[in-house]
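Heads up: the sequence shown begins at 0 in numbering that gives the first Met the number 0, then just goes up one per residue.
Note that beta-carbon positions come from the ideal geometry of N, C-alpha and C, so glycine has one too.
Shown next, in structure tokens, is the structure this report addresses.
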Amino acid sequence: MKLNQAFSFLLLICFFTSCNAQKEVYLFSYFKGNGEDGLHYAYSEDGLKWKTINNDESLLTPEVGEQKLMRDPCIIKGGDGNYHMVWTTGWTERGIGYASSEDLINWSPQQLIPVMKNEETARNCWAPEITYDKKNDEYMIYWATTIPGKFPETQSDMDSGYNHRMYYVTTKDFKEYSETKLLYEPRFNVIDASISWHDGRYVMILKDETREPAKKNLKVAFAENLTGPYSDASKPITGQYWAEGPTMIKVDGQYIVYFDKYTNHQYGAVTSTDLKNWTDISDQVTFPKGTRHGTALKITKAELNFIKEKLK
0 MKLNQAFSFL LLICFFTSCN AQKEVYLFSY FKGNGEDGLH YAYSEDGLKW KTINNDESLL
60 TPEVGEQKLM RDPCIIKGGD GNYHMVWTTG WTERGIGYAS SEDLINWSPQ QLIPVMKNEE
120 TARNCWAPEI TYDKKNDEYM IYWATTIPGK FPETQSDMDS GYNHRMYYVT TKDFKEYSET
180 KLLYEPRFNV IDASISWHDG RYVMILKDET REPAKKNLKV AFAENLTGPY SDASKPITGQ
240 YWAEGPTMIK VDGQYIVYFD KYTNHQYGAV TSTDLKNWTD ISDQVTFPKG TRHGTALKIT
300 KAELNFIKEK LK
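Shown next as structure tokens:
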């Protein structure tokens, strides 16, 4: 009887140890300053309080592009089990950065994907993101670009005359890419789209970049297919402040959208249970000082422990 009890106790310990290792926690990839020093990580166990990893020092230095920046790092877990990251390599470049990793520590050689090489007048490629399309087993990479002369109905001389729309390419292997296409034309200047799959549809959180009169808020659009077409943008889900760089995860049945209150130099968040009605919970979230535009993703506790151990 005692032997059986001891065996049962050991099984119970193994069970709880395994459960704890597989428990979901949250990782936030972000940049600081102008993005010159590279990739930073923070983590959270509740989706509200975020703590630095690696003493808030960069763990990956940017190497591609003329300006060699690593702004707006977006990381997802792909269908192949690996992690894939894209980022902004510079303010006035026609390509974006890409690298992959099996463990979020060791990254492949960095690539510059020339997504706007055929648009010689394209002014930029900003805030790229990547989403995995499970149905088609492929990835969509998307970003904001201004092409002078296009969409004159929303052109303004303010904000240096930028007038963005969202564009995309698809790929299955990160070696060959589709031709660049227009992803979203909401009839206003739009940047910083972030797309994820929730409740049987794709949800796009986006920034209305309109300057005259100033909007600078976040909105939501939906689609049945990753490449669209997407619905009209919703009413603003953020308040009377300028917001950018949204990223969304689901925590305990609640959707949380984190974003950069960039003119206030702080991070904020809104939450919803139905993706329609939103509540500002900015006073409940804390991020490392200087956190800029990044991406939140779910990882296991075991993965987090591995990262923290390797980055001591």
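When the distance is taken between beta carbons, is residue j closer than 7 Å to residue i?
| i | j | result |
| --- | --- | --- |
| Pro228 | Ala41 | no |
| Gly34 | Leu59 | no |
| Val168 | Gln109 | no |
| Ile95 | Pro127 | yes |
| Trp86 | Asp71 | yes |
| Thr272 | Ile255 | no |
| Lys206 | Ile194 | no |
| Ile129 | His163 | no |
| Tyr201 | Ala222 | yes |
| Ser28 | Ile74 | yes |
| Leu274 | Ile52 | no |
| Lys260 | Pro235 | no |
I need the boundaries of the alpha helix (DSSP H) containing residue i, first residue and last residue.
| i | result |
| --- | --- |
| Lys180 | Note, Lys180: premise wrong, no alpha helix (DSSP H); beta strand (DSSP E) at 180-183. |
Does residue i come out as helix, strand or coil in the three-state DSSP assignment?
| i | result |
| --- | --- |
| Ile318 | This structure does not reach residue 318, given that the chain is present from 0 up to 311, and the question cannot be answered. |
| Cys132 | Sequence inspection shows Asp at residue 132; the Cys mentioned does not correspond to that position. Of the three classes helix, strand and coil, the one that applies to Asp132 here is strand, per DSSP. |
| Lys174 | coil |
| Glu302 | helix |
| Glu23 | strand |
| Asp102 | coil |
| Leu11 | Per-residue confidence for Leu11 stands at a pLDDT of 49, beneath the threshold of 50, marking its modelled position as unreliable; no derived number is given. |
| Lys67 | coil |
| Lys116 | coil |
| Lys297 | strand |
| Lys206 | strand |
| Lys50 | strand |
| Thr16 | Per-residue confidence for Thr16 stands at a pLDDT of 48, beneath the threshold of 50, marking its modelled position as unreliable; no derived number is given. |
Tell me where the beta strand (DSSP E) around residue i begins and ends.
| i | result |
| --- | --- |
| Asp71 | 70-76 |
| Trp90 | Here Trp90 belongs to no beta strand (DSSP E), and DSSP marks it neither H nor E. |
| Ser43 | 39-43 |
Tell me, please, whether the CB atom of residue i is closer than 7 Å to any CB atom in chain D?
| i | result |
| --- | --- |
| Pro72 | This model lacks chain D altogether; it includes just one protein chain. |
Please report the Cβ distance between residue i and residue j, rounded to the nearest whole angstrom; I am assuming they are in contact, meaning their Cβ atoms lie under 8 Å.
| i | j | result |
| --- | --- | --- |
| Leu296 | Leu26 | 6 Å |
| Lys31 | Arg291 | 6 Å |
| Val24 | Lys300 | 5 Å |
| Glu65 | Gly89 | 6 Å |
| Thr170 | Glu208 | Thr170 to Glu208, Cβ: 27 Å. No contact. |
| Asn117 | Thr91 | Going by Cβ atoms, the distance from Asn117 to Thr91 rounds to 17 Å, so no, they are not a contact pair. |
| Phe81 | Ser57 | Note that residue 81 is Asn in the sequence shown here, rather than Phe. Between Ser57 and Asn81 the Cβ distance is about 21 Å, and since that is not below 8 Å, they are no contact. |
For the ligand ADP, any of its heavy atoms closer than 6 Å to the Cβ of residue i?
| i | result |
| --- | --- |
| Thr91 | Among the ligands in the structure shown, none appear at all, so the ligand ADP cannot be discussed. |
In chain order, each beta strand (DSSP E) run of at least 3 residues that lies wholly inside the region 208-295:
216-222, 243-250, 253-260, 265-271
Which full runs of the beta strand (DSSP E) of 3+ residues lie inside the region 135-167, going along the chain?
137-144
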